Each structure stands twice: as structure tokens, then as C-alpha cells.
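Chains as they are written, first to last, in UniProt numbering: chain A, 1 to 494; chain B, 1 to 494; chain C, 1 to 494; chain D, 1 to 494. Just so you know, even glycine gets a beta-carbon here, dropped at the ideal spot from N, CA and C. Since the structure is predicted, the reported quantities are computational estimates derived from the model, not experimental observations. One structure below.
There are 4 protein chains.
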Amino acid sequence: MPASRFTPEPQPGLPFDDDRVHEECAVFGIHGHPDAAAHAALGLHALQHRGQEASGIVTFDGQRFNAHRELGLVGDIFSSEAVMSRLVGHAAIGHNRYSTTGDTLLRNVQPLFADLSLGGFALAHNGNLTNATTLRRELVTRGAIFQSTSDTEVFIHLIATSAGSNLIDRMLGALALVEGAYSLVAMTDDAVIGVRDPLGVRPLVLGRLGDAWLFASETCAFDIMGAEFVRDVDPGEMVVLGQGEPRSIRVTSGNRQRFCVFEYIYFARPDSVIEGTSVYEARKAIGRELARESLPEADLVVPVPDSGVPAALGFAEESKLPFDLGIIRNHYVGRTFIEPGQEIRNLGVKLKHNANRPMLEGKRVVLVDDSIVRGTTSRKIVQMVRATGATEVHMRIASPPITDPCFYGVDTPERGQLLAAQMSVEEIARHLDVDSLAFISMDGLYRAMGRPGRDSGQPAFCDACFTGDYPTRLTDRENPNSPQLSLLSELKRA
Amino acid sequence: MPASRFTPEPQPGLPFDDDRVHEECAVFGIHGHPDAAAHAALGLHALQHRGQEASGIVTFDGQRFNAHRELGLVGDIFSSEAVMSRLVGHAAIGHNRYSTTGDTLLRNVQPLFADLSLGGFALAHNGNLTNATTLRRELVTRGAIFQSTSDTEVFIHLIATSAGSNLIDRMLGALALVEGAYSLVAMTDDAVIGVRDPLGVRPLVLGRLGDAWLFASETCAFDIMGAEFVRDVDPGEMVVLGQGEPRSIRVTSGNRQRFCVFEYIYFARPDSVIEGTSVYEARKAIGRELARESLPEADLVVPVPDSGVPAALGFAEESKLPFDLGIIRNHYVGRTFIEPGQEIRNLGVKLKHNANRPMLEGKRVVLVDDSIVRGTTSRKIVQMVRATGATEVHMRIASPPITDPCFYGVDTPERGQLLAAQMSVEEIARHLDVDSLAFISMDGLYRAMGRPGRDSGQPAFCDACFTGDYPTRLTDRENPNSPQLSLLSELKRA
Amino acid sequence: MPASRFTPEPQPGLPFDDDRVHEECAVFGIHGHPDAAAHAALGLHALQHRGQEASGIVTFDGQRFNAHRELGLVGDIFSSEAVMSRLVGHAAIGHNRYSTTGDTLLRNVQPLFADLSLGGFALAHNGNLTNATTLRRELVTRGAIFQSTSDTEVFIHLIATSAGSNLIDRMLGALALVEGAYSLVAMTDDAVIGVRDPLGVRPLVLGRLGDAWLFASETCAFDIMGAEFVRDVDPGEMVVLGQGEPRSIRVTSGNRQRFCVFEYIYFARPDSVIEGTSVYEARKAIGRELARESLPEADLVVPVPDSGVPAALGFAEESKLPFDLGIIRNHYVGRTFIEPGQEIRNLGVKLKHNANRPMLEGKRVVLVDDSIVRGTTSRKIVQMVRATGATEVHMRIASPPITDPCFYGVDTPERGQLLAAQMSVEEIARHLDVDSLAFISMDGLYRAMGRPGRDSGQPAFCDACFTGDYPTRLTDRENPNSPQLSLLSELKRA
Amino acid sequence: MPASRFTPEPQPGLPFDDDRVHEECAVFGIHGHPDAAAHAALGLHALQHRGQEASGIVTFDGQRFNAHRELGLVGDIFSSEAVMSRLVGHAAIGHNRYSTTGDTLLRNVQPLFADLSLGGFALAHNGNLTNATTLRRELVTRGAIFQSTSDTEVFIHLIATSAGSNLIDRMLGALALVEGAYSLVAMTDDAVIGVRDPLGVRPLVLGRLGDAWLFASETCAFDIMGAEFVRDVDPGEMVVLGQGEPRSIRVTSGNRQRFCVFEYIYFARPDSVIEGTSVYEARKAIGRELARESLPEADLVVPVPDSGVPAALGFAEESKLPFDLGIIRNHYVGRTFIEPGQEIRNLGVKLKHNANRPMLEGKRVVLVDDSIVRGTTSRKIVQMVRATGATEVHMRIASPPITDPCFYGVDTPERGQLLAAQMSVEEIARHLDVDSLAFISMDGLYRAMGRPGRDSGQPAFCDACFTGDYPTRLTDRENPNSPQLSLLSELKRA
């Protein structure tokens, strides 16, 4: 069966790539609140860092499911009274989507909704299935017609065609077939349902606001509305919010746990708490550990803003070196910025960062960043810091070298574009033109997370991007085949 | 199984209702021309009167299917080089869609495309299935997930799940299951296919332009590009355009024919020729017949522009009465026109029509119009003509009274809103405040069409809107149930 | 003093040129109606044929002047309640503007408003000053800063700098300085004022609706709202609508009158009555005169739609030849229509017109059109009619040959592009490939208008485009100098 | 003479008010670079913090002035090749404009351009004239017609009507008439001109890039393009960039200097250097001084992000207390965010800030912010920090109490809305519900700026917002009269 050969109308893509890896989504759910949509909008706003391209909310008002999904930021999409007044209902689920380059917008437009023979069903998803293409191929052969390329639609087709006399049973049937990482929130006409994959790779937390119960990708979504954090949803657990107390159903019997350690390093908001650990504290702890592992002679600790700040503060605390904002970030960078003229072609990084000259001149600087992906931005920042008059530049990185792509919902470049997959640490140091370079060690990272070190037999986290040790099967990768697009009628607006 | 309870994002509707019935679609297909999309755009432009809300073209370039579908007029959508340069290929199908009020835009966004297990498949459709809801219900129960409410998608699901080792066989399998009126054009990776329903209710013609072969709803689409009209596709015939000469396949064995007589009266363009008869000539013939049947004492024949002009010319010819444009039409009417202020609430009709006072003052006028639907516009026009100083107004209508709704792809109001379903001719005359009123008789209409009169045992045309004599089963109507919406991820633009 | 060298932001131009000359504007005014803006919108809608690019209304509510001006059609611009609810007031003036190619949108954006030292002043204008550039140059030298290139702004600066203790006196002072053709409507905080130039080249009529008084370019603007036509404003007359009855002021003492005859031939709506003559009747009379002057042996009279229809009806009446719509017009032509592909480059005319083949085949056809400008469209229409099977084509034109440009507010091409300025009638006939060609004679035109013929000493009309006999000085033309743009801060929307 | 009573079409306003005062503009100029517009775009991007509503660039290419001005962010407006390719020329000036609420967009759309009798003239302005209304009134009485309400246009009219045989002389003539604060950049057909007001209230710096010379509001605009900072333009100095070296002209003879101290406290970017002092260092110095003046017993220093960070770092350094990001800022706040539902009405501040609970729980916190305007945000932040578990909250403010409005181009609220104009420090402390509150003292502020203290006879800075000691006349304020709007023809897009 060939790959799809359909080229739909082009959709505006976002070419911006700031040399970071990206989380692909956030999810939110709420049940039992008269103003469910407004709280979903607040929660999605707090989770905006997990996806900035599009956002959607579906509510249920006892009679009908009401939807609004649109490109843009949460604060813009859900700010009009016209939109909010349509989203009536006591239950809602919502989704933020990350902007992937080179893909059509149809991918991952969420929440999806389907009128199944057992009733309406809405679904939003953070993560990635590692056997989605394989499942899709089987479904198409049986006559299923797909509308998008998203994994989320595979779930819906599995539910539509699985046995079971109610939607919960059908979800369990569908979950038995999928592999990979997924934090789901779903909504039927009597429940809002949250599910975390068997290893708990992606986060999902349970909260409470008065009589209402909530799901969110991170606790910061509860803080914004003054809701109380109750607990993390367990790996392999389904929680059903309906009448009465939340009901817990075990989807899988295993009890291994492999939470994504990169959520602590970069993805999650610093003010979130995951599995009992403050993200901000974790980052400072990594910075302290890094100072213990590799402290150069220097005058000043400078973070690469904004994500390098907590680790840099930890590094400065431990090393007793002064801390200063030696690089100033311009928050007004638009979505595109064509630079005309040969001469200014290389100013890219300066659109976003400027060296704070009086702080750096004549200093030996420790630059602290969270990670190195392609290294293009790091290289320009070093160059800018040197040009400003720093006498030495020592770079310290709050994660181990990234050597392997992620298949669990994080947008990483191909292996060939990962700097640390191509070069040794010494080579990277030369490439970046730094006086010294150190990454946190694998064991140092685990120590910072409160463990004795990495137990290679049963690691506490998913750290596949640093180790290539993938915690699930990678079925699609073993049977490569492009995704299948099946039915398309999206419409351009006049 | 309940009706869908999903309320998607609202889409801009078009509240404009000018008291006419409306054709819902036009189709076009071309195979074997290096510039297929450009010709499809020209053809759709010539067919713009059959649908003004949205338009779409899908091409096949030997490797890929390329699509562009958008709200608006053909001349605006397909005028940009960016759009046209993507629509490469030697084969193309296209579609215009009528704007229905109160429905979401998802309905009938065409051509639809699906990646089926046997390959890519694009489909556009003019008409309506009378068992679509019934078929859809069965498909959903078997796990099918629908994206739109359109009949076209039912076809695609039937093809996806029918047996047959190639797409032509599967189409024949699907066609065996559907009832109603349909002129289809489809495209696979080796053919463009045209199909007309067993009774030929909707039009479809075959043409030729050099080595290329074409399908269109009407011959005016061939004229615009200098193509040659070859023949009407027969009722119940499938014509396959591929390598070599067109191949004809009989879908049904019957030979009854029931072409929609209203196409002659109002829908089709006057410069089209259908089943050997000029539409303009047919309208003039009806006007002449009407003058023979019911000629009042009068000074002047005045058409209700623009559709009443040919019948009025025929009426004037036969009656030897002078003909003048006593009503002037303003072609600049926008899509909406809110009339603020109580006092001017009743000026609606004047936004579109103005009486040509010096022509009408002191005259006994015969007003000729093509049909009466709700009668609201007719009433205002009579009032305007009287206010201008006409001493008598005699109305003559070039169709019989419309008493029954259409189920074959024409947007007619509910029976309760059809004036002739509620009142006798005398009552209508009083309601419209005319000095006399006559509709063409049923037999007079058939005579104008070159028949001896209506053969009630085997009428030559579908005239169900005048007679209630529906030529097919009306399965959905016998088993009422709202349409089912199954999977929706349409996206509002930022 | 050099011409302006400022290039502002580009504005969307309208490349469409359908080989006609174009009126540049419509004006409307109303005083004494609580719902002034709504009536202005209706009036401008009825006058849409005089300008389709932009429209504007300014009202006065006793305290403030309120404005809305926008690109687009009247029915779209003034259909939103948000817009209309701001336009409160008992007095309003309005303007439609024609789309000129190659000019920025700043030109003629009207009504203009200025806060003068004597109070607020709004102004709208139909016509053209023939000494505007000369006046502008003087004003700039004295320190005036211009914002647009429009003549209307020259008026405003003249009023701002003229002596006089009230705005009426200042208007009279300014009018004493200008030359050319102008129908103005202006508004101050106590009056709505209409002015027609000394020769009455452009039309302006006075009407009444209950207690309110109105100005409009044509009477059809009164019909749409049921207002009563009172009289034409006289050449050289200022009419002031304020408290009590309208007040008439003579601006000039002369009594010559030179109304533009082309308003009867093409510009005005057929249902308007100007200076006591029905436009529709005038066109039919020209057609009858044309048949008397030059009747070929033929089978059928066919109008070039839509503007040729009344003359063709007159021609058919006089000649007793049958009349038929042998060419069908497609009213859905969008604003642009790129025709890709070499082969279809020449289909332009077919986007708008199609030959009605069954009516034309084997016939000797008289084609009646209102005028010939460049001849490009005429040529294609003849070619299309011949290709359809007409055996002879005789063209009859309801105006004399256009040989000279207009300087009074009509957009005519350069002399070099006027076909009749370059060729004799015989040459044009060959160029168009017709079997015979005749234009109405100059005296025939005057006879059709109810005169004995053209009195070359004192012609009753402005017919400069046919004769080069311009009724006013052409000061700017004698002192050529580009227009001067002085202060620009127009803003593109994000 | 009454105030303008004209209400133009409404323009999208930006209701967002984050309880800060705002700089109204940035200016930039460049002469002698082949790619002038691209560098202007980069410079304006670096100055985006001084104005986010609209941006404009005018270039001169030796023949013509080319302009592009648009609503939105620099990076979006000047990112299209279509825009940049029009902006050819070796000289350019540019402007960013702050979004003021409740004003029409016409205000301050810049650069303005006028075709004066001596040639083209473009002008951009940062600051505010204190006698603009008075001057405008005189100009209107003499017949001038204004298009905008901006001070910039007053300059242009003064230049248009002043004596002088060249534009430099005319500028000097105009500058002799104006009062207030203004940093101007202007462009003629042979020069780019920068002017700073006699007291140097607003900043303007001179730079060099290869052979090209530049003006900018701040040095960070030079850093982004690798240009060299040359010197500050002096108070009362005009610098002319043309052929050869820059030419300096003294506009005024005085040598007092009163630079706006609030530029150091809040407006300027921390990486800029003004009058020899690093803005970042100045803020840290204020923080250190504040710690010396008023150090509470506490566990943690927490900045209100982002503007409070440098002062908080200085405070922590001096006090030896730990520093942590106890409040996390969400940078994704859209332009509007309607909060539906009574219950969540008070979450406003949380859309932008979240307390970092694990850092704050059980701690005695010193909150450091740059200033207090209305106090609404401060109050909510304190409430949020307390709710998170902080046991004590001590607030320290890096500026003296703001008691008086600014008339020099900074958007401050009315006196009645300035918290410190209504309450004593003790009352404010109670109002904000803090355990202690201290502002930096007036002398402390001067000490932090490297002075011995404030010399009330000749203060080194403009500190009128803290003292009411305005360094110029306030003519308009003494003769109150609304601004005058004179000629408007702005156009809404279709």
C-alpha cells in the first residue's frame, strides 16, 4: 500500500526554529463546573509553553458537544465573548498543539470529536504512539477512512471498531492495542476520562476546585485558577470523572515507571511540581551538581536566557561566583524576520539576544544553558559574548549530550543534526569556540533528581535521548511506512 | 441511534434568500489536457450560477493528487498564480457548491478525496441521495467515522468498504446501493469517471477539446473554452475517460428518463443546450404558450429580471404586445444589507429592483416571471409597480404552481412555505394584489417542451415539485432521522 | 517646484478594464431625517454604478461629525449594525468612488472632513477641476500641506484660507476660483449644501422625503427610498438645506447649460430621469434614430449586454426586426481572473459573455452597443458571434465616435488609445471584422434628445469627447505639472 | 475655537494596561548605507520595548521617498520581501509607536512625510511638546489644515510656514517656537538630521557602521547590527548626516541638562548605555542603595519579573540574602483575555505571573519591583505570594513614589489614579497588605546614579514625576484646550 499522494491546500507553516527540542502538546480536562470552558481556557493558557500553534476546547452541556479550535495563542482564541458564550457546559476538555515545521495543519488538530454508534466522543492527546502507522494501515485495509495524520485519530477508529457495550470498555480495548507514550483526556456524555501510558512517560495530574475535578499536563494549570493539586495520575491508570468521586481503573498491571527526565530539564514550567519534585528546584540542583562536577576558574556566571536561569542560579550558589544577566533577551521576536542583505545575514541570534556589554567586558564567563541540540544558537551566542569583550568563555550544560531522537511526542531533529551524535565533547568545545565545555554526567543528573545514580537495569526515568535506551517497542520504526491520509475536505476561508 | 449532538465552530452563513429555489451544485471533469486545472477553472466559472458559495478543484499529475478548495467565487479563488501553479496535472475534477442557509460549511465541501487501500480517489457530486441517512446509519454501526454531512462522503465510504478488485468495480458496487439523483465526476490515478443516475434527473454532458475529453453539468462550460459538445451522458451510464476513447458502462438496465424540467424553467443558463433543446428557446416557447393560454388586455409586457426575460420575450412575440424593461435590476447587491430603522424595513426588494417609472406610468402591465416560491418578492414587486403608476398588473408565471419539495438536490422551502401549496390560484392573485394571475398549465409546459402533453403514466420529465409524483423511492423520508456527523477537526484560521 | 517624489505604501489596485469609460463618482446628501445615515446608504447603493471602489458617509448629530469610509461595495460596507449605530445624526452626506487604475487609494477618498477655524466641514465631490494643479501649487507655496491628490482637498484648502465670516461665504469665495465640472455636497454644523458647476456638466437633483430634503447624483437614489423628486439643481446654483425651506443662491450669473450627453448614453442608470428626460427612453430613441439612419438587411437585432439593451430595443422597434438575447452575460465575473496557459489567453471576453448559439446560427445579426472606446472587447465579441455561426455581423453604435479625452471627471484613456481617434469608420469596420458599421450621427444624437440637431454656436450638451469642443478653460493642461502630494500618514492595517 | 467634534472610523485599540507607565516612542536614522531600510528594521526591532503598536520606515533613494508604516511588531511588518524590496535607498528614518488607549490610531503614525515647497521632508519624533495645542490653534486660524492630532505634524506645519531658504534653516525656525521634550530624526533629499531638545529629556545617540552614520534612541539598536556607539547627541544639539563627517549645529545656547531618570529605572533596555551609564548597572546600584536604606529581616529576595530583576539582584548582593525566581512570568499573554464568569474575575494577575510555591512556602520574602503606579498589580501579587505560604512580605521599590504626571512623552495616568499621590507610604503599605514597604529615597536615587544627592537648585535629571518640578513651561496646560483635528481621510480596508 503506497503512502498518500494527496497534496492538500497549503497551510501557513511556522519556519521558526530556535535550536531547541519541543514538547508537542498540552491537555486539560474538567468535570462538574458550571463554567468549564473558562477554566479550560485558563488552564490551557498556563500550559501555553507546551504548544503555541493551535488550541481547542470541546464542552458538553448535557445535550450537545460544543467545540472551538483555532490557530493562535490561547489568550487570543478564547478572549471573545462570542466564542466563550457558545462553549456552555459543565464538562470540557482542551488541547494546545505545538507548531511542527513542514507538516500540514491537519496534524493534531485537537480535541477530535466523533459521533460513534454509542454516542459522542471527544479526545485530546499528548505524546506519540510508536505503532500508529501499523495500526492505521490495518484499519484502512478494513475500509476505515482517515481524515488526519494524527495518532489521536487512530485511537478514535480503534474505539469505533472495538467491541464493548460502553465507551469505557471500548477505550480499554483500544488501549490494549497501542504502544508508546500518551497522556489522554477524553469526554463522553457522562464522563471526562484521563489516561496515562503504562510507563508514565508524559505527565498528567489530577486536581480539584470546589466540587469540580480536573486533569492537566502540569500543576501550573491548577495554580492559575486556585485549584488544589490532588495527585499525579499513575502510569497505566485511567481516572474517570463523573458522578461522585473519581473512579480509578488499572489499564495495565505493570508497575515500572519511566517519566521523561527532559520534562525536568527543559519542557515543564519551573513553577510546576511533577511526581513530588519542584521543576525549579530540580534545575537548580542540576546546576549545583554541575558546579561540583566541573567548576572552571571564572569571574561570573551568566545564564542563556530564559531557560538557563535556574541552573545558572544553582551553579552560582554552589560555586560562590557572582551571577548576572550578561545576555538580555528581546521578547518581541515576531514569527518571521527576513533579513535582507548579505551583510546582516549572520545577525540571527541578535534578534533574540544581546550581550550586556558592561557586565561582560574583561570577564571570564561561565555560560550556563539547559541543553545543546544542533548547536547553531550556542555557537552564535559564544561568538557574541566574545565579541563583547569576555576574556574566557566556559560553557556548562544542564543535561547530558543529546544523541538519540525521541519517539514519544517530542520534536527532535534527525540523528544527523544532533551535534552530540556527531562529535565528542572536545570536538563540540572546539566547534563552539569555548575555553572549556562540560555536560552534566548521567549519574550527576540522577543524583540531582534525588537518586543514587542511574540504575541501568531499571532506570527511574526515560532518558532515551541521552542513552538510546527506549522503554517501549518501536513497531513503526521497524516497519517503516509513511503515514496514510484518507479523507480530506478542509476548506480555506475566503 | 441519536442524531449528532456536536456543534462545531460556526461558519459564516449567507442569510440572503431571494425567494427562488436553488440548484445545489455544478460538476466538471477533464482528462488528457496538460493544462487541466485552468480549464476546470474556466468551466466552473461558466457554471457559477449553479453554486456560488465555494469551489474546488483536484488534479492528478501522474504522481500526486493536488487540491484547492475555498469559499468564494471561482474567478476569485482560481485567479492567483500561487494557487494555479500548484494544480499541475493532465486530469482534474471540479465542483461549485450552492450556499445553503442554516447549514455548516462542512456540508458538500467538494471534491472530496480519500486514500483508499486501492489508491487515491476524488469525487464531486451534483444531486441528492434519498437513502443517504439510512446508508450512513449502517456504516456508522459498522465503525465508519464520517467527517461531513454530505452524501458524497456516503459514496466514498461505500466504495471503501465494498468488494471489488479495482475502483471501477467498487464504484459499481456502491452505485447499486444508492437511490436518488446524482451526476458524479470521480478521479482515480488512471481515469476521470462520469456517472448519471438511472433516471437522468440531473444533467451531465460529454465534450471534447483537441485530444482531451470533458464532463460538465451544462454545455455553456464547453463554450467558454471553445470545446466541442459531444453528447449528453445517458441516464444510468458511466463514462470512463482514460487511455484511448471514452469507455461506456451501463450501470442500470432500465431506459426510463425523467430529466428535471425545472432546469429548463430556471436553473440552467439560457445559452446551454440540454438533451437537444436550447434552454433559451424552451423559455421563449413557454412564454408563447402562456400567451396562448392566458392573454389579458394590456399595453406592455415587462419581465421580472433577469430570469423572466426570455419567457417575457416569447409572451410579447406571441401576443404582439410591446416589450420593455419596466423593472431595472441593481447587480451590485452585496451579500448582506442590514436595513436600520423601522421606516425602511420594507424596502428590501428595492435594493435589487427599481421600477422604471416613465415606462410604467398609466400602463396596463403584464408582468412575466419564471416561478413563484414563497411569493414574498412577487408581492413587493407588484406593490412597487403599482406605486409607480401602472393602472393594471397582470401576472403570468412560466411554470405550474410549485406545491411539493424537491429531494433531488434542489433547495426548496418546506411545503408550508410554498405559496401554491397553501393557496388556490385565486387566493394567490388576491395575496399578490394583481388584477389577474395565470400559471402555465401542466400540459402547456409539456407542449412547450415539444411533447403532446403530460403522459401521467410515463411522464417525460421529473416534475415532482408541481405534481408530487417522485420518480424514485424516498427511503430516508420514510425513516426519518437526522444526518450523522462523525469526525470533525475543521480548524478556524487565526 | 518638482512633482511629489513620495511613494507611499502600495494599495490594492483594481486592474479590471472592460473597455468602457467610467464615471468617477456619486454624491448624496440628506438633511432633517432622524435616520439620515441609513438613507444615505440606500441612496449610495442605488448609485453604486457610478463608483464601486470605495464608499463613505459622514453624519452630523448636533454635536459631532461621525464618519465611516471603506473600500468595497455599499451593501457590504454599511451592512453592519456596528457601523450604522455609530453614524447617528439628522444630516448626512455620502460618496461612492470609482476605481481608477494605477492610482493610490488616497485619491478621492471621500467625504473629506476638516476642522476649520469656523467649525467642522465635510465635502464630497463628483467631477473634476481643470485648474486644480495650478491652485494646489499656489497653496503649497503659501505653506499649505496636502494629504491627498484629490481635487476635493483643493476646495477645502481654498475654503480654509478664503475670507468670509461664515462657511457659506467662504464656499462662494472658493467657488469663484475653481474651473471645471463639479457637483458638490457639503455639510457644516447647521446645513447640508449642494452645488452644481456653472455649466451643469455633472448631474445633481433635489428631492424630498417627508420633512427631509435630499441631494443625489440621480433620481434612482430617490426611488429606492420612496422619496419624491423635486427638481434638478440648476447649473451655477447652490442650494442650502437647513432650517425651513431650501435656500437657493446663484453662484454664477450665466445661464448657459452644457450637461454631459454621455450620462444619457451610458453612465446614468436607465431608470433615472435627468433634466426631464428618461434615460431609458433617451437610449431607445437613439436606437430608433440609428435604425432610421443606417438599417442593414438582417434577421435579428442582438444587444451587447447589458448597456446595449435599450438602444437595441429601440432599433428593433423602429426596424421591425426581431430582438433576441443572442449574447448571455455572466454576472459572476470576479475582480481578477488570471488565465494560465498560452492556449486560453484569448478567452477573456468569454469570461463575461457567451454567444447563445441556437439563436445566432445562420443568422444575419445587427449587434447594438452603446459606444466603442479601445475596441478590444468589441473585436472579441464579433469574433465570438461569427464563430458561433452568424453569417453576417452588422454593428450599430448608439454614440458618435469618441475622439477626445474627458477632463470633467470621466476616466477615458489617452487619445492614442481611443480607436476612433486613430481610425476612420471604414478602418474600424475592418479592424472589428464586421460586414458594416455605423455610429449615430452628431445631429441624430441631438434629434434623439429632442433637439433639432447640434447648434455648434451654442450646443445644448457637453459633447467634448466626440467633438473636442471643451466648454471650460483647461488651465492645468495648458500648464502641465504633476499633482503634488503633501502630507501622508495613511496606515496599513496589521 | 471649539475642540474637534469629528469622530472618525474606530480603530482597534489595545485595552491592556499592566499597571506601568509607558514610553511612547523610539526613533532611528541612518545615512550612507546601501541597505538602509534593513538596518532601520533591525534597529527598530531592538527598540521594540519603546513602542509596540505600530512601526514605520521612510527611505530616500536619491530620487524618491519610499514609505511603509503599519500596525504591529517590527519583526512582522518588515519581514516580507515585498515590503523590503520597495524600501530602497541609502538613507532611512524609522519610528516605533506605543499603543495608547482611547486614542485613535492616527495619533503619532510616523514617520510623517510632507512635500514642502523646498522639497520632500520626513519626520519622526519621541517626546511631547508642551505648547503643541497652542501652536496648532494659531496655525489653524491662519488656514492650516491638520490631519492628525500628533505633535509631529505641528513641527511640519511650522517648517512649512517658517521663513528660511533651506530646510535646515526652517527647522531651526520651527524649533525656536516649540517647548517640551523631543528627540527628532528627520530626512530631506540630502541629509538625515537628529535633534535633541534643549534639556536632553529624551535620549538620542549617534553611531557608526563602516561609512554609514546612525541615530537611535538607545545603544542597543547599534549592538544588534554590530555598529559602533560614537556619543550621545547633546541637549540642544542638531546633528546633520550628509556628505562627509556629521555636522553639529547648536540649537540653543544653554547647557543645563535634565535627562529623564525614569529611563534608567524602567524604560530603557538594561543592555543600553545612556550618558555613560549602564542601565543594568544603574538598576543594580539602586537595588544596593535600597538594601542599605531599608533592609528587613528576611529569608529571600524575589523580583517582580521581568523589570524588577536587576534591582533585586543588587538588593540580594548588598544584603547577602539568597535570590530566587519566586514568581514565574508567562510570556504568552495575548493582547486581550476576556475572563468570563464572576468567580474568576480576580485572576487577572495570574494570567501573567504565578507564584513558585516550593520557593516561597514558609519564607519571609523581600519583593523588589521597579515602581508603583496604580498599585493594582502590586496588590494582587502580594496576595498571590501570601496565598502561596510566604510568612512575611516586605516590598521594596526601586524608585521614589510617583506623584505627578509626565508631560514629556510618557503615558502616565491622571494624578487621581497615582497611588502615591493619594496615600502616604504607611497607607500604601496597608493597602497592599505588606509587612513593610520602602521606596528608594530621592537622594538615594541620585547617589545610585553617582551623584552626591539631589541638588534641588539644579537637579541633574528630570524627576518631575516624583517631585512635580517640571523643567520646561507647560503652556498648553496653562491654556487648556483639546487638540484640533483638521483633515481626515483615512480609509478602512475592505
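Counting only the same chain and skipping the five closest in sequence on each side, list residues whose C-beta sits under 7 Å from that of residue i.
i                     : result
residue 468 (chain D) : 403 and 404
residue 173 (chain D) : 162, 163 and 164
Just to confirm, is the Cβ distance from residue i to residue j under 8 Å?
i                     : j                     : result
residue 433 (chain B) : residue 382 (chain B) : yes
residue 368 (chain B) : residue 304 (chain B) : yes
residue 170 (chain C) : residue 159 (chain C) : yes
residue 426 (chain A) : residue 298 (chain A) : no
residue 195 (chain B) : residue 93 (chain B)  : no
residue 370 (chain A) : residue 356 (chain D) : no
residue 47 (chain D)  : residue 221 (chain D) : yes
residue 209 (chain D) : residue 227 (chain D) : yes
residue 95 (chain D)  : residue 124 (chain D) : yes
Using a Cβ-Cβ cut-off of 6 Å (strictly less than) and excluding sequence neighbours within five positions of residue i, which residues of its own chain qualify?
i                     : result
residue 494 (chain D) : With a pLDDT of 33 at residue 494 (chain D), under the threshold of 50, the predicted position of this residue should be treated as unreliable, though the coordinate-derived value follows. Excluding positions up to five away in sequence, the list is empty.
residue 462 (chain D) : 201, 258, 260 and 471
residue 460 (chain A) : 451
residue 353 (chain A) : 327 and 329
residue 446 (chain B) : 453 and 454
Here's a check: name, in chain order, each residue in its chain whose Cβ is nearer than 8 Å to the Cβ of residue i, leaving out the five neighbours to either side.
i                     : result
residue 273 (chain A) : 219, 229 and 279
residue 86 (chain C)  : 66 and 68
Which residues in chain C sit within 8 Å of residue i, going by Cβ to Cβ distance?
i                     : result
residue 157 (chain D) : 143 and 145
Identify the contact partners of residue i in chain D, using a Cβ-Cβ distance below 7 Å as the criterion.
i                     : result
residue 331 (chain A) : 331
residue 328 (chain A) : 269, 270 and 271
Which residues share a DSSP beta bridge with residue i?
i                     : result
residue 131 (chain A) : For residue 131 (chain A), which the question treats as bridged, DSSP gives no partner whatsoever.
residue 196 (chain A) : A:183
residue 392 (chain C) : C:364
In chain A, which residues lie with their C-beta within 7 Å of the C-beta of residue i?
i                     : result
residue 191 (chain B) : By Cβ distance, chain A contributes nothing, its closest Cβ being about 16 Å from residue 191 (chain B), past 7 Å.
Going along chain B, which residues have a C-beta under 8 Å from residue i?
i                     : result
residue 325 (chain C) : 270, 280, 309, 310 and 313
Just the chain D side, please: which residues come within less than 9 Å of residue i by C-beta, in chain order?
i                     : result
residue 357 (chain A) : 219, 223, 271, 273 and 278
| How do the stretch 197-204 of chain A and the stretch 257-271 of chain A stand: do at least 3 beta-carbon pairs fall below 8 Å, yes or no? | yes
| said: Contact between the stretch 326-333 of chain C and the stretch 44-64 of chain B is defined here as three or more beta-carbon pairs at a separation below 8 Å; is this criterion met? | reply: yes
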